[in-house]
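Residue numbers (the UniProt record's numbering), protein chains in the order written: chain A, 1 to 328; chain B, 1 to 301; chain C, 1 to 406.
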């Protein structure tokens, strides 16, 4: 089964969700789609450039705040949804450019620490600004209408719009990864000196990837704001930044579907753990430890690895491609 | 600003210095660990918290648990025992979990220690709740002392003296002794060091233990000042991370001086624009990176 | 599906057995389900958390476990202080879980998020821990009640009482967040209206860490009252560090935390907290009725209830009584019934629910005892005065459309 058939099967499954009540709760699916895109954005950066960002919540949240604030003011306008959405994504890209531009000056662990610290400034601003609503957050964001034609306050209508946006976002990431740009990124990741000697400005390509990743994270944030009708400080918090790391890791770094699987697992887990209470943090912490210690390829990565080994046993051995290339 | 007298200004500087002492101790521990193990120890804040809790348990809970209500571990004993226990706990984690990750990207060590921190915070919260526990300084350090421009609690004077002493001793140990030379050699070329007959894995474990112990000492010192809660370290850690980035990771002296300096700057910000007293650290970090990308004391190009 | 049918049949037959005359079909889904959304694992878990569910269960047991012949069930979940988890759970509970009312909400963002959804789904929310003013002003809802107290009443209660004792000059140490600002603003307005003076403000980031800087600054102004417009560990650390410097230890300068729970005082210890003035919606040792409830709670939790844990007991009890009286669990009818009742139970006294959702009731002005005065654990407060609701609650706000209608 290749990626295309898998994605088609996934889409088909998602298309019927609202038609069969009681199958899966549609709002939950929308949440998974938003976080899935968010994790894909993070994976785009980590998996294909090797850069670790602890600032991704800042992009998710910024876009959410901008989209939400605009929807509250102009949501009734027929163009309210697309304009607010685009503005949210643009804002996230801008913040991504600012943070990435600074952080890219350092490599490795420094890069991660700098993004962490800079995202704290974004959090501080979200607390300080009036238009973000402080710790009350933005509440009751209207979903508006799609070009004045479809009323999105209807959950089913919203669901299909979310699905369309999700599919578009996912395909966009797929395109980026397989474009010449994506190839250069991987070349830089695997051997920066070689890429530089070939005449590529490594930093510029990485910054571009960072901004792209921020924009996709913002795309997820704008979608989330629209679906849930709320944005809060939690969306720009360090906690959310670490959650997206967990999602990507759990699903499989550098794989195409891994982040989606990881997002579904983490979001589902949070919902499930909510009712057992008390030990949520401990369980999440243990998952981190287990993942890193024994399970570094993630769910999808392990599965691909297993398939690959089986194939290798059947056929004469040949050089292994990287898991990233394998997934695609 | 004009309504602030010189006395009040000095008082605020002193308070900033006290905060800086904690930053210095914590960031030195982080720098030492990073220097040799190449991991960012996200558990640092939780280990700081654990030591404070151990001190409190020793003073108020341990005796009754063991059926000996009169048994008490006093502050001075706790100052040695609690960091030692936390260091042992840290070394156990290094041996069982961290060790497996050295050949991998930094990211994995960072995530593992982050997971351990979550488990520790969640566990302490589950057992002791979040409201926090109080801890009294030893009797000899209670009450204020007149330092000329203000009445300073004796205990705070002790904290400044003790932590400066510890910082300087650590610096001396790492930069001026043979042991320190081995450790630095281990950072540069562990294989060569191994060839000289040094047991590098044991050295790594002990170094991690030492860095953690520094966090532990800071934790016990903080116990009488801050309410002991499971989250007391986590919120401090973000700032300490910024401190090590500004100072340059892996530079012990840099970590210490930057920690103290940022404490002072934070203290002054509390006078002028208190809203920004946390974020000022991050703004300075951004500026420092623009002007000196390797950190103020960084060696790396 | 099958279990639902069986459950429904069981509910019906039980109902028929129990009340005979009244059929359970006045109750939607044949069950009255109360949801509790709060913090089980984070910084607000001590004054809400598991204890809230225990307190709510006491109320349900007091009603005999059923209302209008239908069984009353309780579900509780941890919203992890994330509004989107709260919103997701609430939607699922309303759409698929047969939940009729959700209570607690220690953070304003979760409260406001669920209030919005409940409005759409025609269900009830009761804020037994949420104190944000937004819930009864611009974000008010006809289907929501703020049961315990709000920041205005807390601030005004303490401010008025201290002004009466002649303490006219104030200094604020404020958490730089909406709730801190609103505590400060409301208290300062009272201070200035009654001829007092605000000498200065220090706004600190959250969480604050070392407060000695602000407390020393406050001390230097010579203010008679250092008001803490913050909460939780910030309040605790501020008081603790003030004690270290000997601040607030004389009658000339007192510390007044504007939002304090009994769990904070427990955490501080009386030696550090003694003599502070504060306002709370409930104190377990107030009278025989409050003690009776508190002992019942204590036997299960081994600690005394916080004001918000007590308030959820009252909220659930009143909600069930209102269903009983209204003869239905339809949200609008129940809220109408609640608004017509006078709430008077072990926790809430002289309570009237206003159109905007504020439950106006008597509050207690308390002073923390000295260690020598405390006879047992949890014996923490002198009750200095009973503050009449009308004197301390804010006037209905024009920002809430429900008030405009009259």
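Every residue gets a Cβ at the ideal spot worked out from N, C-alpha and C, and that includes glycine.
Legend entry - Boundaries of the alpha helix (DSSP H) in which residue 71/C is found, first to last residue: Stepping through the third chain from its first residue, residue 71/C is reached at position 71. For residue 71/C, no alpha helix (DSSP H) run applies; the uninterrupted beta strand (DSSP E) run containing it begins and ends at 70 to 78, by DSSP.
Inset, instruction - Note the first and the last residue of the continuous alpha helix (DSSP H) segment covering residue 172/C. - result: Stepping through the third chain from its first residue, residue 172/C is reached at position 172. For residue 172/C, there is no enclosing alpha helix (DSSP H); the residue is part of the beta strand (DSSP E) that begins and ends at 169 to 175.
Legend entry - Under 8 Å by beta carbon: chain C residues contacting residue 11/B: By 1-based counting over the second chain, the position of residue 11/B is 11. Residues of chain C passing the Cβ test: 216.
Legend entry - Inter-stretch contact at 8 Å, needing at least 3 Cβ pairs: the region 116 to 130 of chain B / the region 284 to 292 of chain A: In short, these stretches touch, since the Cβ pair count reaches three.
Inset, instruction - Verify the CB distance criterion: does residue 278/A have a CB-CB separation below 8 Å to chain B? - result: Here residue 278/A is taken as the residue at index 278 of the first chain, counted from 1. Any Cβ of chain B closer than 8 Å to the Cβ of residue 278/A would place that residue at the interface, and such an atom is present.
Inset, instruction - Note down, one range per segment and in chain order, each alpha helix (DSSP H) of at least 4 residues found wholly within the region 86 to 157 of chain B. - result: Runs found: 106 to 128.
Legend entry - Beta-carbon contacts of residue 158/B that lie in its chain and below 7 Å, excluding the five residues immediately before and after: Locating residue 158/B in the second chain gives position 158, where the first residue counts as 1. Non-local beta-carbon contacts of residue 158/B in its own chain, meaning distances under 7 Å to residues more than five positions away in sequence, involve 141 in chain order.
Inset, instruction - Below 8 Å on the Cβ atoms is my guess for residue 287/C versus residue 379/C; work out the distance and round it to an integer in Å. - result: Numbered from 1 along the third chain, position 287 holds the residue referred to as residue 287/C. Numbered from 1 along the third chain, position 379 holds the residue referred to as residue 379/C. Contact between residue 287/C and residue 379/C fails: their C-beta atoms lie close to 15 Å from each other, not under 8 Å.
Legend entry - Integer-rounded CB distance, given that residue 217/B should sit under 8 Å from residue 133/B: Counting from one through the second chain, the residue named residue 133/B turns up at place 133. Counting from one through the second chain, the residue named residue 217/B turns up at place 217. About 19 Å separates the CB atoms of residue 133/B and residue 217/B; that is not less than 8 Å, and the two are not in contact.
Legend entry - Supposed contact pair residue 75/C and residue 32/C - C-beta distance, whole angstroms, cut 8 Å: Taking the third chain and counting its residues from 1, the one referred to as residue 32/C is at position 32. Taking the third chain and counting its residues from 1, the one referred to as residue 75/C is at position 75. Between residue 75/C and residue 32/C the Cβ distance is about 12 Å, and since that is not below 8 Å, they are no contact.
Inset, instruction - Compute the Euclidean distance between the alpha carbons of residue 172/C and residue 135/A, then round it to the nearest angstrom. - result: Taking the third chain and counting its residues from 1, the one referred to as residue 172/C is at position 172. Taking the first chain and counting its residues from 1, the one referred to as residue 135/A is at position 135. About 20 Å.
Legend entry - C-beta atoms of residue 244/C and residue 190/B nearer than 8 Å: Translated into the one-based positions of the third chain, residue 244/C becomes position 244. Translated into the one-based positions of the second chain, residue 190/B becomes position 190. Judged by their CB atoms, residue 244/C and residue 190/B are not nearer to each other than the 8 Å cut-off.
Inset, instruction - Please name the residues in the region 58 to 77 of chain C whose beta-carbon is closer than 8 Å to at least one beta-carbon of chain A, in chain order. - result: Using a CB distance below 8 Å, the part of the region 58 to 77 of chain C facing chain A consists of 75, 76 and 77, ordered along the chain.
Inset, instruction - Report buried or exposed for residue 147/C, applying the criterion of at least 16 other Cβ atoms within 10 angstroms of its Cβ. - result: Position 147 of the third chain, counted from the first residue, corresponds to residue 147/C. By the 10 Å Cβ count, residue 147/C comes out buried.
Legend entry - Residue closest to residue 109/C, alpha-carbon to alpha-carbon, out of 79/C, 98/C and 121/C: Within the third chain, numbered from 1, the residue matching residue 109/C stands at position 109. If you compare the alpha carbons of 79/C, 98/C and 121/C with that of residue 109/C, the shortest gap goes to 79/C.
Inset, instruction - Can you grab the Cα-Cα spacing for the pair residue 225/C / residue 204/C, in whole Å? - result: Here residue 225/C corresponds to residue number 225 of the third chain, with the count starting at 1. Here residue 204/C corresponds to residue number 204 of the third chain, with the count starting at 1. Distance between the alpha carbons of residue 225/C and residue 204/C is about 18 Å.
Legend entry - residue 10/B to residue 143/B span [Cα, whole Å]: By one-based count along the second chain, residue 10/B stands at place 10. By one-based count along the second chain, residue 143/B stands at place 143. Straight across, the Cα-Cα distance linking residue 10/B with residue 143/B is about 20 Å.
Legend entry - 7 Å Cβ cut-off: residues of chain C touching residue 231/B: Here residue 231/B refers to the residue found at position 231 of the second chain. What residue 231/B touches in chain C: 43.
Inset, instruction - Could you name the residues of the region 240 to 254 of chain C whose beta carbon sits closer than 8 Å to any beta carbon of chain B, in the order they occur along the chain? - result: Listed by position, the residues of the region 240 to 254 of chain C near chain B (Cβ gap below 8 Å) are 240, 241, 244, 245 and 246.
Legend entry - residue 384/C versus 241/C, 101/C and 277/C, residue with shortest Cα-Cα distance: For the purposes of this step, residue 384/C is taken as the residue at position 384 of the third chain. Nearest in C-alpha terms to residue 384/C, of all of 241/C, 101/C and 277/C, is 277/C.
Inset, instruction - From the DSSP output, read off the bridge partner residues of residue 409/C. - result: Given a span of 1 to 406 for chain C in the structure shown, any question on residue 409/C remains unanswerable.
Legend entry - Own chain, CB closer than 8 Å to residue 157/A, minus 5 neighbours either side, in chain order: Looking up residue 157/A in the first chain gives position 157. Result list for residue 157/A: 146, 150 and 151, in chain order.
Legend entry - For residue 100/B, the nearest candidate out of 169/B, 60/B and 113/B (CA to CA): Counting from 1 along the second chain, the entry for residue 100/B is found at position 100. The shortest CA-to-CA distance from residue 100/B to any of 169/B, 60/B and 113/B is the one to 113/B.
Inset, instruction - Check the Cβ-Cβ distances between residue 154/A and every residue of chain C, and say whether any is below 8 Å. - result: On the first chain, position 154 is the one that residue 154/A refers to. Chain C, which has no Cβ nearer than 8 Å to the Cβ of residue 154/A, makes this no.
Inset, instruction - Verify the CB distance criterion: does residue 232/A have a CB-CB separation below 8 Å to chain C? - result: Mapped onto the first chain, residue 232/A falls at position 232. For residue 232/A, a Cβ of chain C is located within less than 8 Å of the residue's own Cβ.
Legend entry - Sequence-distant residues of the same chain with beta carbon closer than 8 Å to residue 301/B, five excluded per side: Translated into the one-based positions of the second chain, residue 301/B becomes position 301. Below a pLDDT of 50, predicted positions are generally treated as unreliable, and residue 301/B, at 36, falls in that range; the measurement from the model is reported next regardless. The beta carbon of residue 301/B lies closer than 8 Å to those of 294 in the same chain, with the five residues before and after it left out.
Inset, instruction - Quick one: list the residues of chain A neighbouring residue 97/B, beta-carbon separation under 9 Å, in chain order. - result: Position 97 of the second chain, counted from the start, is the residue given in the question as residue 97/B. Near residue 97/B (Cβ distances below 9 Å), the residues of chain A are 289, 292 and 293.
Legend entry - C-beta neighbour in chain C for residue 52/B, strict 8 Å: Start at 1 with the first residue of the second chain, and residue 52/B comes out as number 52. At a cut-off of 8 Å between beta-carbon atoms, residue 52/B makes no contact with chain C.
Inset, instruction - Show which residues of chain B have a CB atom less than 8 Å away from the CB atom of residue 305/C. - result: Counted from its first residue, the third chain places residue 305/C at position 305. Those within 8 Å of residue 305/C in chain B number zero; the least Cβ separation is about 14 Å.
Legend entry - Opposing strand residues paired with residue 104/C [DSSP bridges]: Locating residue 104/C in the third chain gives position 104, where the first residue counts as 1. Residue pairing by DSSP places residue 104/C opposite 37/C in a beta bridge.
Inset, instruction - Taking 8 Å as the threshold, find out whether the region 385 to 395 of chain C comes into contact with the region 294 to 311 of chain C through three or more Cβ pairs. - result: No, they do not touch.
Inset, instruction - Since I believe residue 68/C is in contact with residue 27/C (beta carbons under 8 Å), could you give me their beta-carbon distance rounded to a whole number of angstroms? - result: Walking along the third chain from the start, residue 27/C turns up at place 27. Walking along the third chain from the start, residue 68/C turns up at place 68. Rounded, the Cβ-Cβ distance is 5 Å, consistent with contact.
Legend entry - Cut-off 6 Å between Cβ atoms - residues of its own chain near residue 243/B, not counting five sequence neighbours on either side: Start at 1 with the first residue of the second chain, and residue 243/B comes out as number 243. For residue 243/B, where only same-chain residues beyond five positions count, the Cβ hits under 6 Å are 23, 27, 258, 259 and 262.
Inset, instruction - Would you kindly report the start and end of the unbroken alpha helix (DSSP H) that includes residue 44/C? - result: By 1-based counting over the third chain, the position of residue 44/C is 44. In the DSSP assignment, residue 44/C falls outside any alpha helix (DSSP H), carrying neither H nor E.
Legend entry - Rounded separation between residue 41/C and residue 232/B - CA only: For this step, residue 41/C is matched to residue 41 along the third chain. For this step, residue 232/B is matched to residue 232 along the second chain. Their backbone Cα atoms lie some 15 Å apart in a straight line.
Inset, instruction - Thinking residue 223/C and residue 170/C are a contact (beta carbons under 8 Å), I'd like their distance in whole angstroms, please. - result: In the third chain, residue 223/C corresponds to position 223, counting from 1. In the third chain, residue 170/C corresponds to position 170, counting from 1. The pair is a contact, with the Cβ atoms about 6 Å apart (cut-off 8 Å).
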